[in-house]
Structure formats: structure tokens, C-alpha cells
């Protein structure tokens with residue numbers, strides 16, 4: 891599996907509880923915070939659900 895860097899770019903204020911929980915599960919709490927995660931099918935699904943709140947790039 892490859893690693894990706896996920897960065898929060900928008901706030902979770904006024905978002906649904908599911909989206910807030912997904913962001914927490916990814917390990918993101920603050921804007922401009924980044925985490926490196928393995929790109930598994932589960933993580934890819936989580937990223938797809940909050941794609942409007944994050945940016946994704948290949949980790950190097």
C-alpha cells in the first residue's frame with residue numbers, strides 16, 4: 891500500500907456528525923493539520939466522504 895498525506899483545509903463547524911467523526915477518525919483536528927496514512931480501501935472511502943474538507947497528496 892502507498893502512503894498519502896491528508897491535510898485539513900476547511901473547518902468542520904456546521905458539518906454533520908458523521909463528517910466530524912470521519913475527520914476525527916482520520917486524525918485531523920485543526921485546519922492545516924496533516925497526517926500520513928496508508929491508502930487502504932477503508933481510508934480511501936473516508937477521504938471520499940470528506941473530500942471537500944481535505945486535500946490529498948502522495949507522501950514522499
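Residue numbers (our numbering): 891 to 950.
Ideal placement from N, C-alpha and C gives every residue a C-beta, glycine not left out.
Quantities reported herein were computed from a predicted structural model and do not represent experimental measurements.
- Annotated as distal: residue 900 and residue 927, with beta-carbon spacing of 8 angstroms or more.
- Taken through DSSP and simplified to helix, strand or coil, residue 910 comes out as helix.
- According to the DSSP assignment, residue 932 belongs to the alpha helix (DSSP H) that extends over 931-939.
- Put simply, the backbone Cα of residue 897 is about 12 angstroms away from that of residue 914.
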